[in-house]
Structures are given as C-alpha cells and as structure tokens.
Amino acid sequence: MTQHEPTTDKTGAQTSVRDNGSAQRYEITVDGTAEGVVAGFAEYRDRADSAAGTERVFFHTEVAEEFGGRGLATILVREALDDARARGLVIVGVCPLVAAFLEKHPEYADAARPVTPDVLGWLRRQQG
-9 MTQHEPTTDK
1 TGAQTSVRDN
11 GSAQRYEITV
21 DGTAEGVVAG
31 FAEYRDRADS
41 AAGTERVFFH
51 TEVAEEFGGR
61 GLATILVREA
71 LDDARARGLV
81 IVGVCPLVAA
91 FLEKHPEYAD
101 AARPVTPDVL
111 GWLRRQQG
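The working numbering applies: residue -9 is where the sequence shown begins, and numbers increase by one.
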C-alpha cells in the first residue's frame, strides 16, 4: 500500500490517501475519526494494453454520506490520479466523477486515455 502526503479538507481536517493494492482501490481517511475508518474510496482495475502500456481503469468512486460536502472526493481523485501518473500508468476514467475531474483538469491529458467500448467490455468481464 502506498501512502500519500496528508492534505486538509474543507473543514481543515487532515486527510490521507493510500493505494490499497490488495483491494484495488485508493482509500481516503480523515484525521479525528476512528482508526481504520475509510471515508471514501476510488476503485480501479489495471489493464495491460500492448499499445498503451498498463491502463489504470477507474470505475467507481464513493464517499460515505457522513463525510459529504467536505471536498474529499476531489482530494481522493486528485491524489489517485497523481499516483497513477507517477507510476507511469495510463488513466482511464470510466467513473463519472473521475471523467468529470479529467475534463476540468487538462493537465492530466498527457496521462489519460478516453473510454472505449473495448475498455468497457473488458471491465464488465473483470467484474464478473
């Protein structure tokens, strides 16, 4: 699991994002909550593509209702995308939140690839 530098949310509470590789998701926690309580997560699957290298396909992001309105989803997605890019992975935003973030932040264009029917078919097969 990769731990990232702490950030603060809109309330000033410190947050931490980590890549929980065994669960294939990034998780965000908030300082001051019970140890181990995950406030939100962004799920992904890694897809080997001979032309593009490895794609990190983000397909679902969720923040617990009691943590809503604090900007945690934005922090989570930004740190997850930064980590994927730093690892040399190609970002594919199937999740509407990740897709919207990518659209608003063109600085990620060099590391992102559009969602294709091929990616969606692959993801459906991965999920069962």
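Using N, Cα and C, we set each Cβ at its ideal position, and we do this for glycine too. This structure is a prediction, so every number in the text was calculated from the model and none was measured.
- Using the C-alpha atoms, what's the distance from Ala41 back to His1? The sequence as given places Thr at residue 1; His does not occur at that position. So the two alpha carbons sit approximately 43 Å from each other.
- Just to confirm, are Glu17 and Val27 a CB contact at a threshold of 8 Å? no
- Query: Leaving out the 5 sequence neighbours to the left and right, which residues in its chain are closer than 6 Å to Ala70 when beta-carbon positions are compared?
  - Reply: Tyr16 and Ala32
- Item | Proximal residues to Leu87 (C-beta, below 7 Å), its chain only, five neighbours per side dropped | Thr51, Ala63 and Val67
- Item | Val47 beta carbon less than 8 Å from that of Arg37 | yes
- Query: Residue ranges of each alpha helix (DSSP H) run of no fewer than 4 residues wholly in the stretch 73 to 113, ordered along the chain?
  - Reply: 86 to 94
- Query: Considering only residues of the stretch -5 to 19, which uninterrupted alpha helix (DSSP H) runs meet the minimum length of 4 residues and lie entirely inside it, listed in chain order?
  - Reply: none
- Contacts around Trp112, its chain only, beta-carbon distance under 7 Å, and the 5 residues preceding and following it disregarded: Arg37
- Task: Return the CA-CA distance between Ile81 and Arg103, expressed in angstroms with no decimal places.
- Result: 6 Å
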